[in-house]
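Chains as they are written, first to last, in my numbering: chain F, 1 to 322; chain C, 1001 to 1322.
Protein chains: 2
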Amino acid sequence: MTSLALIHAAAERLRGHARRTPLLNAPLLDRIAGRRIFVKAECLQWTGSFKFRGGWSAVSALPEDSRPRGVIAFSSGNHAQGVALAARRHGIPAVILMPADAPQVKIANTRAYGAECVLYDRITQDRDAMGAAMALDRGLALIRPYDDPQVIAGQGTTGLEIAEQAAEAGISGAPVVTCCGGGGLSAGIALALEPSGMQVRPAEPEGFDDMARSLASGQRQRNALASGSICDAIVTPTPGLLTFPILQRLAGPGLVVTDDEALQAMVLAFTHLRIVLEPGGAVALAACLFRPDLPDTVICTASGGNVDPALLASCLGRYPAQ
Amino acid sequence: MTSLALIHAAAERLRGHARRTPLLNAPLLDRIAGRRIFVKAECLQWTGSFKFRGGWSAVSALPEDSRPRGVIAFSSGNHAQGVALAARRHGIPAVILMPADAPQVKIANTRAYGAECVLYDRITQDRDAMGAAMALDRGLALIRPYDDPQVIAGQGTTGLEIAEQAAEAGISGAPVVTCCGGGGLSAGIALALEPSGMQVRPAEPEGFDDMARSLASGQRQRNALASGSICDAIVTPTPGLLTFPILQRLAGPGLVVTDDEALQAMVLAFTHLRIVLEPGGAVALAACLFRPDLPDTVICTASGGNVDPALLASCLGRYPAQ
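Here it is as structure tokens:
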């Protein structure tokens, strides 16, 4: 099966289960940007991020004989919630390994979606070893956050919708700027958009621009630090083994934004699009707002909305409405 | 033309111009409510509220010979912005009379949508006389906020979409709780839903429940006060002359929520649906969350998102995430 065929097959499995999120825009946002920006609002997806697509795609693609035993995932955030709800709706158990210091609300939400959350100590416990032992012991299938063909295919369904919605809006040839961590969403969208000729431009936070540097150098690069950006949802050490070659073949140069620009984009999305974004989900919009080297019409993903309310509240005070 | 035919005709004129907003829901919100709540997210409509539908419907229904001279509206809020953008996209002038003490951002936004904002002093100037003189002098057509058949028809297109989206989601017979001011949205949706058998339940803020009391008594009642609720967008003195008989015939009893419940609903919509609401746009959701006397599955409108960021920020601190 080609990659594009995998995406179309995932779209069939997701039909009636994932939400077809709207492609939003706003005249007053365009005025600030100096260009037309169309925003694929995946914060309105089930569980508040595009991760539900990949979770559903992977769970629904499991062979019938291994499916009932359940799935396991490592995540402190959006992937956890996406996999948890996808598994619950398939009626199979999900085990999510989460760091014990993850935000309580994320642990509570993942449990509320029906998953068994196993907490580990980041310093004293080896997550990978714990997970491998549990997977073996209980016969669980591991669902990786991005380096899995079915996960990439699920995220790619976002790209199929973007192609349709862009055509409906009369947009052709616009770059599609994506929020990029490990590259699952970016690679999936790039594959889905290949027939349309629309090019993906991955966007990352400053200091965690491993994908941009990897694309520029032609080799997978690592970030100097493991954490330190407010855009926690898309801080990953290095591009995925599967996602990087796809983006190397299909994506344009990476774009980099500061944390401050991501937070401003979050506030502008709040004010002008009336959607709630987390910083990592606002990185692509920030690039569209603040990078001069983009054309007059651009599309971007608003990939997640699981923000700490106190953070957004403080930003609303810091950046006055415009 | 019947009222339903007017709505279908408005839907034709709105096609490709108004946004088909999503019908959202979230498992964790349902858990808090103890029932399934489906939310028609009109905060994602152009200009941030359903008022764009009525504005577009009215402007596009003007006879060709009066259209070029322009339109006039009185509003400090959502109707102003809806009419301003609808007129601009028809290429005709819009004059909006706004109180000089309206929030600067609303005046600025209405101007940014291309309208001529004429400010008046609430105390010393007679808005109606000013507007009538300008309309006569410049040949402008007045677009009323709710007591106009084409405005009601435009708002009613929301109801056509709700009927379609409810059917897609497998929902039948659920009440549709609406945020109710003058009753344009409520009456339009009630007419649109008449064939489906789904009943509108208007929701209002405590102390400004003129529609609920009017429906109960069979006579149009007035509110004791002209202002004093945080839900400013839906504070109107009395039900409309056109809207009341429609709701008297088709609506169920009104629902009343406190300001505090509206603000809590705003925060829960933020957290679980990732949409931005203003208090008046959260009243119907508040009724669905907090009134016991509703069935297991309900639909509501989230009718506007033009909130003061400082207000939402303060509420995010006041009501912790759940």
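The C-beta atom is built at its ideal place from N, Cα and C for all residues, glycine as well.
Keep in mind it's a predicted model, so treat the numbers as computed, not measured.
Within-8 Å CB hit, residue i to chain C
i, result
"Thr-271(F)", "yes"
"Gly-55(F)", "no"
"Arg-36(F)", "no"
"Ile-275(F)", "yes"
"Arg-13(F)", "no"
"Leu-85(F)", "yes"
"Leu-316(F)", "yes"
"Leu-225(F)", "no"
"Arg-138(F)", "no"
"Arg-19(F)", "yes"
"Pro-205(F)", "no"
"Ala-9(F)", "no"
"Pro-93(F)", "no"
"Arg-213(F)", "no"
Helix, strand or coil at residue i according to DSSP, with G and I counted as helix
i, result
"Arg-1111(C)", "helix"
"Pro-1063(C)", "coil"
"Ala-1203(C)", "strand"
"Leu-1185(C)", "helix"
"Gly-70(F)", "coil"
"Thr-1243(C)", "helix"
"Gly-1235(C)", "A small fix is needed here, since residue 1235(C) is Val in this sequence, not Gly. Val-1235(C): coil per DSSP, three-state reduction."
"Ile-123(F)", "coil"
"Leu-23(F)", "strand"
"Phe-270(F)", "helix"
"Thr-158(F)", "helix"
"Ile-1096(C)", "strand"
"Val-1176(C)", "strand"
"Glu-42(F)", "helix"
"Ile-1152(C)", "helix"
"Ser-1003(C)", "helix"
"Ala-1141(C)", "strand"
"Val-256(F)", "strand"
"Arg-36(F)", "strand"
"Glu-168(F)", "helix"
"Val-1298(C)", "strand"
"Glu-1278(C)", "coil"
"Arg-291(F)", "coil"
"Pro-1309(C)", "helix"
"Asn-78(F)", "helix"
Classification of residue i by the beta-carbon crowding that lies within 10 angstroms, buried from 16 upward
i, result
"Leu-1119(C)", "exposed"
"Leu-1136(C)", "exposed"
"Glu-1012(C)", "exposed"
"Leu-1028(C)", "buried"
"Pro-1237(C)", "exposed"
"Arg-1220(C)", "buried"
"Gly-228(F)", "exposed"
"Pro-253(F)", "exposed"
"Gln-125(F)", "exposed"
"Met-1(F)", "exposed"
"Gln-1323(C)", "Summary: the structure shown does not reach residue 1323(C), with chain C confined to residues 1001 through 1322, and so no result is reported for it."
Which residues DSSP lists as bridging residue i, in chain order
i, result
"Leu-1191(C)", "According to DSSP, Leu-1191(C) bridges with nothing at all."
"Ser-1049(C)", "Gly-1304(C)"
"Val-118(F)", "Leu-97(F)"
C-beta neighbour in chain F for residue i, strict 8 Å
i, result
"Asn-1109(C)", "yes"
"Gly-1305(C)", "yes"
"Ala-1313(C)", "yes"
"Leu-1097(C)", "no"
"Gly-1082(C)", "no"
"Arg-1201(C)", "no"
"Leu-1024(C)", "yes"
"Pro-1279(C)", "no"
"Leu-1142(C)", "no"
"Arg-1220(C)", "no"
"Leu-1185(C)", "no"
"Arg-1127(C)", "no"
"Ala-1310(C)", "yes"
"Leu-1028(C)", "yes"
### Task
Using a Cβ-Cβ cut-off of less than 8 Å, give me the residues of the segment 111-123 of chain F that come near chain C, in sequence order.
Under the 8 Å Cβ criterion, the segment 111-123 of chain F contributes Ala-112, Tyr-113.
### Near-chain C residues of the segment 39-69 of chain F (beta-carbon distance less than 7 Å), N- to C-terminal order
Cβ contacts with chain C come from Cys-43, Leu-44, Gly-48.
#### Entry: chain C contacts made by the segment 155-176 of chain F, where a contact means CB separation under 8 Å
For the segment 155-176 of chain F, the beta-carbon criterion of a distance under 8 Å to any beta-carbon of chain C is satisfied by none of its residues.
### Under 7 Å (Cβ pairs) to chain F, residues found in the segment 1238-1272 of chain C
The residues in question are Phe-1270, Thr-1271.
### Task
Check distances from the C-beta atoms of the segment 1285-1306 of chain C to those of chain F and list, in chain order, the residues that come in under 7 Å.
Only those residues of the segment 1285-1306 of chain C whose C-beta falls short of 7 Å from the nearest C-beta of chain F are listed: Gly-1305.
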